[in-house]
Amino acid sequence: MVGNSGIRVVHRGGSKINFREPVITNDSRFLLCSAGECVKVFSTSTEECIHDLQGHTHLVTGVAINPSNHLQVYSSSVDGTVRLWDFTDGILIKTFVIGYPIYSLHTSAKHGGILFVVVPMAKDKRSEVFQLVAVHLPRSGEQLVEAQELSAVISNVSPNPATISFGHEGEYIASAKSFQLEVFFLKKQKSYKFFLSANNKKGVQNTFTCVSCHPKEDCIATGHEDGKIRLWRNINQKKDYTYSTVHWHHTAVGSLCFTPEGTSLLSGGLESVLVQWRYGQDSQRDFLPRLGAAITHITVSPDGSLFCTSHADNKITIIQSCINISAVIQGLVKDGVRTDLMVDPRSKALVLNGKPGHLQFYSLQRDKQLYNLDIVQQEYIHEAGLEQFEVVKAAFNIDGSWLATVEERKQKDSELEFNLKLWAYVEKTQSFVLNTTVSAPHEARITAMCFSHTANSQTTMLVTASQDRHFKVWQLAEPAHTEDEGQSWSCDFVGAYHSLVPTCCCFSADGSLLAVSFNEVVTMWSPTSWELLTTLSQPPGAIRDLCFGRLSCSKYLMGTTDMNLLCCWNLLTCSLEWSTSMDVSLLLADPVSENMAAFCYQAGGTDLFVFKPSEPRPLFSHKAVCSGNVTRAVFSPREEMLDSCKDEEQWLNRSQLYFLTQHMDLMTFITKAEEDRLMASSKQLVVDESVAITPFNLLLGKHRQQQQEKQDTLSAERIQLPQGSVAIKELLHTPAHVLPSASFLCSMFVRSLLISTTDAKEASEPEEEEMDSDKEEEDSEVEMQTSTTRQERAASSQESAAQVLTKAQERELRMVKKLDRSWLSGLLDSLP
Amino acid sequence: MGEFKVHRVRFFEYMPSAIRTIAFNSCMERLALARSDGSVEIFNFADNYFQEKVVPGQDGRAIEALCWVGKRLFGAGLNGDITEYDLENLRPKYTIEAYGGPIWTMSSNSQGTLLAIGCEDGTVKLFEIMEDTIQFQRNLDRQKGRIISLFWHPSGTLIAAGMIDMIKVFDAQSGHSTHRILVNRCVGASKRKEVVVWSVIFLSDYTIISGDSAGNVQVWDGHMGTLVRTHSITKWDVLTLSVSKDESSVVAGTSEGTVVQFQFIPSTMDQQDKEWVRTKTLKNHTHDIRALAQTETAVVSGGMDTQLVVRPLMEKVERNTQEASLRKISFPHRSLVSCAKKAGMLLFQFPDHLELWRLGESDGHGKSGDTLPVKKKPEKLVHLKRKGVDHICCSALSSCGGWLAYSSVSRLQVYRLQYNNNNVTITKVAKLPKILQSAHQLCFSPDSTKLFATSSQSSVIVVSLSQSECKYVDTLKAKSGARQPIHLMFASEDGKWLATANTGCEIHVYNLHKLKLHCKVPIYSSCPTAMAISPSTSNLVMVHADQQIFEFSLATKEYTEWSRKLQKRGLHHLWTERDTPVTHVTFNSKNPAHIILHDTYMFCIIDQSLPLPDQQTLLYNQMSLRSLPERERIRRSHAFKICKTYQHLMCVNLLEDHSLVVVERPILEITSQLPPPVWQKKFST
């Protein structure tokens, strides 16, 4: 076995950004959200990720702005730490070690220095009982602090942060779990519990799903499983509490949030409609429909100008002034993935199921969704339990000019509707356009689909294998009638073998052979004549996967069987070259090298083997890549090749292997060298703190490097503004009653002003003149004066301080004169 | 529990009329309810919501308002009269014409000295309440347009009146209006439609709350006449409002059948200023809610769908008690069916007619649970329309089917029925004794020789019947001076005993041979709802409104051993939690240990020979017993054998030939006859 010291399995992009509710900073410019093991800082205006706050070693479970410093943010994680970050610079300030896995984090403005976290009751991590604990943060200058002062607040809470909310003025905490709402008053240390009936008669489901407290009044809004929203009042009464009910949602309320003024309540759920209830006028509500997917979290910026909704499809929508969707931050959609992972040969983007009925193109390099391609082209109805068309299979041809998709809808066991669609890439619009739709291409479900590997689009073939015991070959054909617009795909050949069900199909690298597996038999066909060349059926067991070797290994055909065998046939001899016993769940060929990857499921975990078909020894193996079975993986060709010479790292030189774990985490393999390089590059990225960085900005930044440098020097020597001078400061900061008379101060003030400007002028360069002239908007006379001084200065570069002083005095005199005169003239006018 | 041939009768087309108004008297804990046919019912909320008294209605009398003043009940209606009801004799005491056209509303001041009515001609009239009558005092300033609603300020100085498009506030002393508050019309297209202020409330802090036809509940400042808050609660009308006694809660009833509660609560805990906040929405009705009241613990509502709903407020009651359960009262707590046991005939009582039916026959035999083929269909023999304007209040059929009697408040009629083959001849008994004016209860002796009619002050008039004439025999009178009306009467099979029960919970037993009082049953706090004397043992079995069962031996004048055992053991909690009273008790002559009784939702055979159930045993065990082997079945069975196969029972009786008559009135048939409710958009339609 080859050691795997240098290669690690890491999360690489596509993390869940909708896991916990996002936070908007006080100035509404940034949005922070937990994303896997890091916290991401997004710009609310450009949707761009500005920082990755990396440091946690496990899932981040909560993000909250530091109530005492709005430029800092706390984040909590299952790794048992709370970290304090400066999010504008992306710097870790402090780490507080709590010692228990933290499931959610809450802060309150009234409780500085205290964090409220939800931790398991018992030290046992798997325990299902949680409690809310107040953590008193120790005041210490050290980087790593152990917070030991913990005090339990509410026991038996839900780990879902939406079920805990702080009341107005931080006086109480409302926590809901199943059928119980508990309100804990922090001052009195007293709690009130309110119960709802547990029986589900007439479609009533009273389970609490979320809680939000009114910011100004003592009113708690709770959302319920059946879509009702209850507004609880009189919560400090054991019996006399009361609630009103409003009902719009038809399924569970996903999230509730009051606006900071408390004038309206926002709610959302599966309907993917943001509902705005006017507080106090229950019948009045506004809707923002068609948000794309079920709403999981709602947040409002502290000034109430931005709403922000997280959606089930890993998306965050930013809504401006209640109605405008101003930005959409889209992560990798990982729910309902039914297609294989693919890489678009053109954009090198990862392609898989996106929004319902769509394919998403996700750039792994930039960790950003590029676009969604609407395959089904039907309105998606947001209702639970409704069967709708889903994309189940997709394939690209070798140069990415054709895309084949299969969509299906299953309503009952008997009737399965499915369509085969072929999409042509159009250079002009840079997108795929529907070319052919074949409704019901087979009589039963399609089991496999692949394109031939020839680059010539005229001879491109598509093979579909189906449970109806046939496989069909589709080819691009000229239209039968001249009035038809262009070429379209039609069926060229229908193949069958002993009325067995074909399971896999695969073209050889040069496109001269097609292998189709029928149960235990692999049949080889010639694409030119469509004759059956040979059959391979040596090892027992049904074929699960088929894969031709590439480049130097193209004479080999690899297959896996459900009898836990990995077989390699030599196509020249038509015999089994070698076979080894392993339970391969996924066999994958690297398109740019002869390497192959096999994921083996063993004892609850998955192992990876990378090998060449020519030799049965693996190049690389990695035990326990992840827990659970891996069924989706893809080799993504690299843009820049690595040049690692180590044996076990060579297979990563030309492409990168991504896979989806059972929990839908996108993972990849990374070498040590690459990791170091990435770390270095992330450190280089220094961003001007006043500007939200965008790619556009970076692009322009390079071109304007020179200018930038110049400006930097300028800004360093930028003239001191009057407020900055010592005299002014003194004047402004001394209390008014100890100040000398204004007439005395006046001259001093004016003098200080003048001296400072001339000082600044002295130091600055001549080109700066125009700029400064804008700043100084004093008397034109003064301005003239300065320009004369400057001219003088241009002649003799250095001037003595004494001379400047006299100049100033002169000017002062002149001003005095001027003042006097005006006063005199006024007097004179009044005399006659 | 024994097998019976069952006559399942579904041809009694009983139809209650819509509830028009209710008034709750918190001192007496009585609720007065007026229906659209003019009848008034009194419910005792202290005694398990038992319908104590019914004042029968009258043609042409539509009661719009009811008002308690102390223990006196006043009603006023669209015929323009004010009526005071005589609750001891269950009839209107007197009627005074108000001379203002139809009366829409009536309200008494909190001192109980003045009665204000709102009339069609725009006047608010004040009546002074005297010792035994009322007297017109004066008119307030006359307005244009009718006065729809009235409410006295608790101080008794101001009256708020709801009109069309406006609310007026009157000074009760001067009679002048102090404020004229215009109410917003509906928004949108219906702006030209006038808005009716259906209901108005004047609180002691000078807040006026109004409910109008635009669907709004509006809170007004009564000092300034300004709008404080508008709650739009329905697209239709807000028909009625009711305020709790402590003025912390207001409920509003709408045309959609919802009740919306508003509560006066502080917005934050530390502040004192409170505001009216909409809280609960209760939906227990399908049609318009016309009447609402708030008791200490519950909201009582009634409307077009004829049901009275008592919805407890959970914060006011202990959970999991009987008080905390919702109640729907849809059927009368008295029997409207008389059964001729020997002749196999049924008499159905309607407000304006009587129907006499002969039961069908079948000669088939079948297993338990089979439906037998009908040989002879049930037949309607007589449809007897009443005379006069007053509604029928009671009726009786002799067990031989030869005599029929009914009574209204003004007259009592006795008829002789004769059958020859298929012909029925009905002849009115012409000469009745003068004393037989009207009765609250009528009853024939089992041998059809005597008619018993109850009269005022718990007296019973005995009349002997013979082919030719009707002769007054005697008046049986309890010496106690009871004033309450008799609501139950039972004559024993052997003709020796007559038992009467009045709403004062007194039960008297008379010896008919001696024509004098035999004994008085010790008074129990709850009103009896059904009683009967066993033909074999002469024990009186009584069932009370709180579901307690007593057996009283007439021979020894004491409670029987079984009754004492039952009281000691206590009744099963599921038995006491049933929410409809037992309305009829009868005995099985084949098995003297069996007592057959029924309420609306079940009938029960109590086998006195079997052990009594304790709290842990399964009360409703008939279904589970059926699957058990014989020996186990005997071991598990207990005295209460309950059958829920038949629902909404109006009557269960055992005929002479041991077939059971079950008169059902499915509630669905009642609701299907109601007018359609207001149109509402339903989700996903």
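Read top to bottom, the protein sequences are chains A and B.
Just so you know, we're using the numbering used here here: the first sequence kicks off at 16 and counts up by one.
Just so you know, we're using the numbering used here here: the second sequence kicks off at 12 and counts up by one.
Glycine included, every Cβ here is placed at the ideal spot set by N, Cα and C.
Please read all numbers here as calculations on a predicted model, not as lab measurements.
Beta-carbon separation (whole angstroms), residue i vs residue j, contact threshold 8 Å
i                : j                : result
serine 287/A     : isoleucine 250/A : Not a contact, Cβ separation roughly 31 Å.
aspartate 577/A  : alanine 604/A    : Not quite, the Cβ-Cβ distance comes to about 20 Å (not below 8 Å), so this is no contact.
glycine 49/B     : isoleucine 74/B  : 6 Å
isoleucine 178/B : valine 208/B     : 6 Å
asparagine 59/B  : alanine 556/B    : 5 Å
DSSP beta-bridge partners of residue i
i                   : result
lysine 531/B        : His519/B
phenylalanine 411/A : Leu418/A
serine 446/A        : Val441/A
glutamate 405/A     : Glu423/A
aspartate 401/B     : Gln69/B
Per-residue burial, residue i [other beta carbons within 10 Å of its own, 16 or more giving buried]
i                : result
lysine 202/A     : exposed
threonine 474/A  : exposed
valine 88/A      : buried
tyrosine 110/B   : exposed
threonine 628/B  : exposed
glutamate 798/A  : With a pLDDT of 44 at glutamate 798/A, under the threshold of 50, the modelled position of that residue is not reliable, and the figure given next carries that caveat. Exposed is the call here.
cysteine 530/B   : buried
isoleucine 334/A : buried
glutamine 392/A  : exposed
alanine 566/B    : exposed
valine 261/A     : buried
isoleucine 22/A  : buried
Residue j beta carbon less than 9 Å from that of residue i
i                   : j                   : result
valine 271/B        : arginine 289/B      : yes
asparagine 33/A     : cysteine 53/A       : no
arginine 361/A      : glycine 415/A       : yes
tyrosine 535/B      : arginine 19/B       : no
histidine 242/B     : glutamine 296/A     : yes
threonine 110/A     : proline 82/A        : no
alanine 502/B       : phenylalanine 455/B : yes
serine 227/A        : asparagine 221/A    : no
threonine 479/A     : alanine 463/A       : yes
leucine 130/A       : valine 160/A        : no
phenylalanine 684/A : glutamine 671/A     : yes
leucine 68/A        : leucine 107/A       : yes
valine 358/A        : valine 366/A        : yes
lysine 330/A        : glycine 346/A       : yes
Extent of the continuous beta strand (DSSP E) to which residue i belongs
i                : result
serine 475/B     : 470 to 476
arginine 678/B   : In the sequence as presented, arginine is not what sits at residue 678/B; that position holds isoleucine. Segment 678 to 683 is the alpha helix (DSSP H) holding isoleucine 678/B; no beta strand (DSSP E) there.
methionine 356/B : 356 to 360
serine 505/A     : 503 to 510
glutamine 195/A  : 195 to 200
Endpoints, alpha helix (DSSP H) assigned at residue i
i                : result
glutamate 161/A  : Segment 159 to 161 is the beta strand (DSSP E) holding glutamate 161/A; no alpha helix (DSSP H) there.
glutamine 633/B  : 633 to 637
tryptophan 784/B : Examination of residue 784/B is not possible in this model, given that chain B is present from 12 through 696 alone.
serine 409/B     : No alpha helix (DSSP H) holds serine 409/B; DSSP gives it neither H nor E.
Proximity test, residue i beta-carbon vs the ligand GTP heavy atom, cut-off 8 Å
i               : result
glutamine 558/B : No copy of the ligand GTP occurs in the structure displayed, which carries no ligand at all.
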